[in-house]
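Going down the list, the sequences are from chains A and B. Numbering-wise, my numbering puts 487 at position 130 of the first sequence, and it's gapless, one number per residue. Numbering-wise, my numbering puts 296 at position 226 of the second sequence, and it's gapless, one number per residue.
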Amino acid sequence: MSTSSEQLPAVVVDNVSKQFRVPRERMHTLKERALHALKPGAGHETFEALKDVSFSVQPGEFFGIVGRNGSGKSTLLKCLAGIYRVDGGEIYVNGSLSTFIELGVGFNPDLAARDNVVLNAIMLGLSPREARDRFDRVIEFAELEDFVDLKLKNYSSGMHVRLAFSVMIQADADILLIDEVLAVGDASFQQKCFDVFQGLKDAGKTMLFVTHDMGAVQRFCDRALLIENGVVKTIGDPQRVGNQYVELNFGRDAGELAAAEGERYGSQQAQVVEAWFEDEHGQRTTTLPQGRPCAFRARVEFRERMEHPAVAVLIENDRHHPLFAASTDVINKGDTGVFEPGESAVLTVSYDNAIAPGRIYASPWIVHRRGTELADRRPRMISALVAGTQVTGGLVDLPHDVALDRSGASAEVHA
Amino acid sequence: MSAQPALGRPIRGPSALGGDLGRFVHLTRTLAISDFKLRFFGSALGYFWQLMRPLLLFGVLYLVFTQAIKLGASVKFLPVVLLTSIVLYTFFSESTAQAVTAVVDREQLVRKIQFPRLVIPTTVVVTATFNLVLNLLVVFIFAVASGVEPHRSWLQVPILLGALWLLSFGTATLLSALFVRFRDVKPIWDVVLQILLYGSPVIYAIETIDSPQAREVLMLNPLGAILQQMRHALIDPSAPSAGAVAGGWGRLLIPTAIILTVLVLGFWYFNREAPRIAEEL
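Here it is as C-alpha cells:
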C-alpha cells in the first residue's frame, strides 16, 4: 500500500442510486414485442432499489451492511462489485477488490478440483500464474490433498464448501465484499470462517460484509450500516445498528399484535387505563435494550372506592412463558392506601432488563387486597421488544461471570 | 474524468470489455480450455464424437453424390470439397448456435461476478476454433491423401479463415445479446442456419446450379463466398473462384460489407446491453 492511498478511504460511496425497470408485462420474444407495438398502455414501472446511499469505509475497517430481505443490501453490494451499473452517484475503490456473493462461482462439477480451483481463482480476479502458485495453499487449507484429481461432482457438500472457501481466502485482495457466505456450512465450519475473518482483520484487510447475523456483525464489525427500503437508516456503532435492526424486524407487526389483544376481565371497579415501558432515561419506548435498566408503568383509575388494592403486572414472552411478575403486595405488607372514586395512581416496576431478546408482553391487573375479587385484568395489554444480539436459548440472561480454573495437574479439563 | 479523481478507482459497473485486457484474455482462455476439456474428456469417446459428426454427414453425402445421383463425377476432388465445406460450416453453425444461449447459460457468473461480458460469446467462438483446428488437420491429411497439391493460392487460406472467424464472432456476439431480451431468437436462428446450409455451397458444388443469376446471388452470402473461394484456393485452382461465380470481384464487396456490418453491429449492440445484462436475466 502506498503512502498516498493510506490517507484515502478504501471505499467511497457517494450518493449512489439504483433503479430497476419492472415491466408491467414481461415480454420475452420478438413476436410479443412486435404484437405489443400495436397495443398501447403497457410499459414499465421503476423500482428504486437504492436512494442516495453515501458512506465511506476506511482501510482496515470491517464494515457490516445489514437490512431485511429486499432492503437493497445485496443490490448495494452488487453495485460495489461492479455487477450492476449505478444510475446515479459514484463509487470509488482504493486497492484490489474481490467479491464473494456465492462460494465457488464457476465451479464445474465435471472438472477435477485442480481445474476448478484455478478456474474459480481466475474468476475472482487472479492471473493464471497467481492461481497456480496458490493452488497448493488452497488445497492445504481445505485439507483435500488426497482428492485433488477427483471430479467435483464426487465431492461431498462439505468438501465442496471447504474448497470454495479456501479459494476465497487465498484470493488475497485488499478489499473483500462478502454476501451471506456465513450462512452456509455447519457450526464447526462457521467457527472456521470466524477464525479466518479474525485473521483477515489482523492482517489489515478491509471487509464489507452483508448479513442477517447480528452476532457476527457485533463480533467483527467496527461499524455497520442499516439499510431499509433502499435508504440508509443508520451508520455507526454495530451495537446500535443491531438493536435497530432487531426493532425493524420485530417492530413491523407490533401494533397489530397489541391491538388484537383487547381482552379484559374483572368488575371494573378500577381500571388499568394506560400502560407503557420506559427506558433508563424515563422515556417511553417499545424497544428495551438488554442489560439496561428499564421500567414498566401503568396508570389505574378508580371508579369505586377501594381499600388497599393490589396492582400487579406479569411479563411474558411471545410463547406465553411467564418471565416474572411484580405486585404492590410488597409495599407495606400490601397497605397501599384507600382510593376514592375518580382518583388515579401510577404503578412503576423498575428492573434491570435481563430478559432474552425478543418480544415481551405485559399483562397488568388490579385486585382487592385479599386477592379474591378481580377489578381489572388486561392480558397482553402492551408489548415491547427486548433488543440484544446474543441469543443463548435461555428465557432470561442473568448477569453472570464465567470461570474455568485449572485445578492442578491431577484434574484435566476435557473438551 | 470525474470531479473527484483523487478518491480512487471509480467503479463503473459491467461492460463488454471491462477495461482490463489481461483479465479478458485470461478469462476467455481459461473458460475456453475448460469447455474444450469437458467436451474432449467429458465422455468415454470424447473427441471421437466431435470428429464423427462432420465425418458422418460427409460419408452420407459422398455416397449420395457418387453412388445415387452421380452428380459429383465432374467435380474434381469432390470428397475433399465436401469435407472442407462441411467442416467450415460446422464451425460457423457451432459457434453461433451455442452463442445464442451462452449468456443465459452462464447466468450464475453474470449475476455474481464482475468480468468483461464479451468474454462469454468470445469463449464460445474460441472453443469452436479449437475444434475447427483439429478438424482442419483431418481435412488436410485427407486432402493430401486424395492428391491435392500445394499451391501458391494456399496463402489465401488464412485470410479466408480470418473472414469466417470474424463473421462467426460478430454473429455470435449479436445473437448472445439479443437472446437475453428475445427468447425466440433461438428457434429463428436454427431456421436461419438451415437456410444458410442450403444457401451456401456446403453439400453441393456450385456447378450443380444451372442458373448463373442464382449462382451470383449465392455469392452475396458471405458464408457462400468464403466456401467457394476456399475450394478454389485450397483444393482446386481450376474450380471457379468466388469472384468468377459472383460475376466480378467488385461484387464481393457486398459479402465483405456484410461481415463488417455484422461485426460492428454485434459489438455495438452487445456493448450497449452489457451493463444491464445481469438485471435482465
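Idealized CB from N, CA, C, for every residue including glycine. Keep in mind it's a predicted model, so treat the numbers as computed, not measured.
(request) Tell me whether Glu480/A is buried or exposed, calling it buried when 16 or more other Cβ atoms sit within 10 Å of its Cβ. (result) Reading off the sequence shown, one finds Met at residue 480/A, where the question assumed Glu. Met480/A is buried by the Cβ-count criterion.
(message) Mapping the DSSP letters down to three states, classify Val724/A as helix, strand or coil.
(response) strand
(message) Is it buried or exposed, Ser72/B, if we count other Cβ atoms within 10 angstroms and call 16 or more buried?
(response) Reliability fails at Ser72/B, whose pLDDT of 42 lies under 50, so the model's placement of it is uncertain and no value is given.
(request) Report yes or no: is there a C-beta of chain B within less than 8 angstroms of the C-beta of Lys388/A? (result) Under the 8 angstroms criterion on CB atoms, Lys388/A is classed as interfacial with respect to chain B.
(message) Please identify, using Cβ separations under 7 angstroms, the residues of the stretch 324-343 of chain B that lie next to chain A, in order along the chain.
(response) none
(request) Could you tell me which chain B residues have their CB closer than 9 angstroms to the CB of Met525/A, listed as they occur along the chain? (result) What Met525/A touches in chain B: nothing, since even the nearest Cβ is about 12 angstroms away.
(message) Against chain B, with Cβ distances strictly below 8 angstroms, would Glu447/A count as a contact?
(response) yes
(request) Note down the Cα distance separating Leu752/A from Ile712/A, rounded to an integer number of angstroms. (result) 6 angstroms
(request) Please state if the CB of Val574/A and the CB of Pro595/A are separated by a distance shorter than 8 angstroms. (result) Result yes, Cβ atoms of Pro595/A and Val574/A sit closer than 8 angstroms.
(request) Could you pull out every residue in the same chain whose Cβ sits closer than 6 angstroms to the Cβ of Met525/A, ignoring the five residues on either side in sequence? (result) Phe457
(request) Let me know if Val370/A comes out buried or exposed under the rule of 16 or more other beta-carbons within 10 Å of its beta-carbon. (result) buried
(request) Please determine, among Lys590/A, Gln625/A and Phe522/A, the residue with the shortest C-alpha to C-alpha distance to Gly699/A. (result) Nearest of Lys590/A, Gln625/A and Phe522/A to Gly699/A, Cα basis: Gln625/A.
(message) Considering only the alpha carbon of each residue, which of Glu343/B, Arg301/B, Val95/B and Val208/B lies closest to Ser246/B?
(response) Glu343/B
(request) Can you give me the start and stop residues for the beta strand (DSSP E) that Pro650/A sits inside? (result) Pro650 to Phe659
(request) Please confirm if Leu108/B has its CB atom under 8 angstroms from at least one CB of chain A. (result) Taking CB atoms only, Leu108/B has a neighbour in chain A less than 8 angstroms away.
(message) By the three-class DSSP mapping on this structure, what secondary structure does Thr563/A have?
(response) Assigned with DSSP and collapsed to three states, Thr563/A falls in strand.
(request) Report yes if the CB atom of His96/B is closer than 8 angstroms to the CB atom of Pro485/A, and no otherwise. (result) The answer is yes: Cβ separation under 8 angstroms.
(request) Would you tell me roughly how many angstroms separate the C-alpha atoms of Met663/A and Arg656/A, rounded to the nearest one? (result) C-alpha separation (whole angstroms): 15 angstroms.
(message) In whole angstroms, give me the CA-to-CA distance for Thr98/B and Arg176/B.
(response) Per the coordinates, the alpha-carbon of Thr98/B lies some 13 angstroms from the alpha-carbon of Arg176/B.
(message) Please list, in chain order, the residues of the stretch 429-459 of chain A that have any C-beta partner in chain B closer than 7 angstroms.
(response) Leu437, Ala438, Gly439, Ile440, Tyr441, Arg442, Val443, Glu447, Ile448, Tyr449, Val450, Asn451, Thr456, Ile458 and Glu459
(request) Could you work out which residues of chain B lie near Met480/A, taking near to mean beta carbons separated by less than 8 angstroms? (result) Leu97, Leu179, Ile183 and Phe185
(request) Within its chain, find whatever has a CB closer than 6 angstroms to the CB of Gly623/A; leave out the 5 residues flanking it on each side and keep chain order. (result) These residues qualify, in order along the chain: Leu731, Ala732, Asp733 and Arg734.
(message) One question on the structure: do Pro466/A and Leu520/A come within less than 8 angstroms of each other, judged by their Cβ atoms?
(response) no
(request) Count the other C-beta atoms from every protein chain shown that fall within 10 angstroms of the C-beta of Tyr268/B, then say buried if there are 16 or more, exposed otherwise. (result) exposed
(message) With DSSP as the reference, identify every bridge partner of Asp371/A, one or two as the case may be.
(response) Glu447/A
(message) For His569/A, report the span of its alpha helix (DSSP H) as first-last.
(response) It is not in any alpha helix (DSSP H) - His569/A carries neither H nor E in the DSSP assignment.
(message) Less than 8 angstroms between CB atoms is the rule here; does Leu77/B satisfy it with respect to chain A?
(response) yes
(request) Using only alpha-carbon positions, find the residue among Thr746/A, Val706/A and Ala702/A that is nearest to Gly715/A. (result) Of the residues Thr746/A, Val706/A and Ala702/A, the one whose Cα lies closest to the Cα of Gly715/A is Thr746/A.
(message) With H, G and I counted as helix, E and B as strand and the rest as coil, what does DSSP make of Val334/B?
(response) Helix, per DSSP.
(request) Determine the direct distance from the alpha carbon of Gly424/A to that of Asn586/A, and round the result to whole angstroms. (result) 9 angstroms
(request) Please go through the stretch 689-754 of chain A and give each complete beta strand (DSSP E) segment of 3 or more residues, from N-terminal end onward. (result) 701-709, 715-724, 731-734 and 739-744
(message) Applying the 10 Å Cβ sphere with the 16-neighbour rule, what's the burial state of Met122/B?
(response) exposed
(request) Consider the Cβ of Val657/A: report whether some Cβ of chain B lies at a distance smaller than 8 angstroms. (result) no
(request) Determine the burial state of Ser701/A: buried for a count of at least 16 other Cβ atoms within 10 Å of its Cβ, exposed for fewer. (result) exposed
(request) State yes or no: is the C-beta of Asn773/A within less than 8 angstroms of the C-beta of Arg621/A? (result) Outside the shown range of chain A, which is 358 to 772, sits residue 773/A, and nothing can be said about it.
(request) List the residues of chain B whose Cβ lies closer than 8 angstroms to the Cβ of Asn465/A, in chain order. (result) Those within 8 angstroms of Asn465/A in chain B are Ser104 and Leu108.
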